[in-house]
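In the numbering used here, the protein residues as written are 2 to 324.
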């Protein structure tokens, strides 16, 4: 599994090595934009913008609090971003016939594309009224993931292992002071412990559905951030937490920058009646297919009530390893 260089991932194309990933990135409902100047879209920040656990973290060394800038390369390659909304929580989006990123991956697999090995999706599920939102980040392995690697053990492990390891690191690039103070910066959080995560595993994919609504504090903070979303740029890095010296240094499997996104940019997913209740969604087995759904542009604005929040969802790590 070859690490990915950010420069190549953020390139607009035309290099002659157009891949299914470029097709998938273009098919996602949120457009890819320039890393430094883009707005209302996504980009791929280099890994060294994030401070993660370094060698010596568990033995007292490794720099300030045992952390250091991560390697610039990610373990997986970016494959697009979806910004979706619907009347109910969207579970298991990789199983949907209308998922264009998954469709690009399936086509590549059918033609035996040697770079289409595995697809990993992180689905941040945002509760709302009248509609729920999903920000879905797609990452691809263009070579086999070693089974004995930390990422390999995460992909093939059980939910208890995943919950104990699935981690997000955030970095506020731009935003109002209240958002910076509330969300936190350079902070890391074990999402599987802080929030309800549901895992959908197939032979060649893994989807992680993160239910923001499972925590009242996280939901309130996120809605505060969404109230200023058009002025916020945030970097999010995803990784499998290292919990012993032998597993260091930590490495991002993927990272995404969301730049001043507009709520109205979300594409509306029209669910069939049998999928409109959250408990019935995402019930497919190993295959991608569940049922078809119509995806259309919709610009209705969601109203966000202001709220005073006194705690942060950023889950800053303690010196003992964030446990």
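Just so you know, even glycine gets a beta-carbon here, dropped at the ideal spot from N, CA and C. The model shown is predicted, which means the values in this text are computed figures rather than measured ones.
- Within the same chain, Cβ atoms closer than 7 Å to the Cβ of residue 33 are found at 26, 42, 43 and 44, the five residues on either side in sequence being excluded.
- Between residue 240 and residue 252, the C-beta spacing is below 8 Å.
- Residue state for residue 40 is assigned as coil, using DSSP reduced to three classes.
- Residue state for residue 222 is assigned as helix, using DSSP reduced to three classes.
- For residue 271, the closest of 133, 112 and 109 by C-alpha to C-alpha distance is 133.
- Its Cα nearest to that of residue 204, the residue 153 stands out among 248, 153 and 236.
- Distance from the Cα of residue 267 is smallest, within the candidate group 261, 127, 140 and 30, for 30.
- It is roughly 44 Å from the alpha-carbon of residue 182 to the alpha-carbon of residue 108.
- In the structure shown, the three-state DSSP call for residue 87 is strand.
- Residue 237 carries a strand assignment under DSSP once its states are collapsed to helix, strand and coil.
- In terms of Cβ geometry, residue 250 and residue 54 form a close pair [threshold 8 Å].
- Under the three-pair Cβ rule at 8 Å, the segment 162 to 170 counts as touching the segment 189 to 206.
- In this structure, DSSP gives residue 61 a state outside helix and strand, which the three-state scheme calls coil.
- Residue pairing by DSSP puts residue 255 in a beta bridge opposite 239.
- When rounded, the separation of the alpha-carbon atoms in residue 264 and residue 230 is 8 Å.
- Secondary structure of residue 34 (DSSP, three-state): coil.
- At a Cβ-Cβ threshold of 8 Å, residue 167 and residue 141 do not count as neighbours.
- Closest in alpha carbon position to residue 116, among 211, 213, 242 and 22, is 22.
- Assignment of beta-bridge partners to residue 260 by DSSP yields 42 and 234.
- Cβ contact annotation for residue 101 (same chain, cutoff 6 Å, sequence separation greater than five): 28, in chain order.
- It is roughly 18 Å from the alpha-carbon of residue 274 to the alpha-carbon of residue 85.
- Take residue 125, set aside five residues on each side of it, and the residues of its chain with a beta-carbon closer than 6 Å to its own are 136 and 211, in chain order.
- DSSP, reduced to helix, strand and coil, places residue 29 outside both helices and strands of the structure shown, so it counts as coil.
- Between residue 58 and residue 121, the C-beta gap is not smaller than 8 Å, which leaves the two residues out of contact.
- Distances from the alpha-carbon of residue 245 to those of 94, 146, 56 and 260 put 56 closest.
- Here residue 189 is bridged, per DSSP, to 170.
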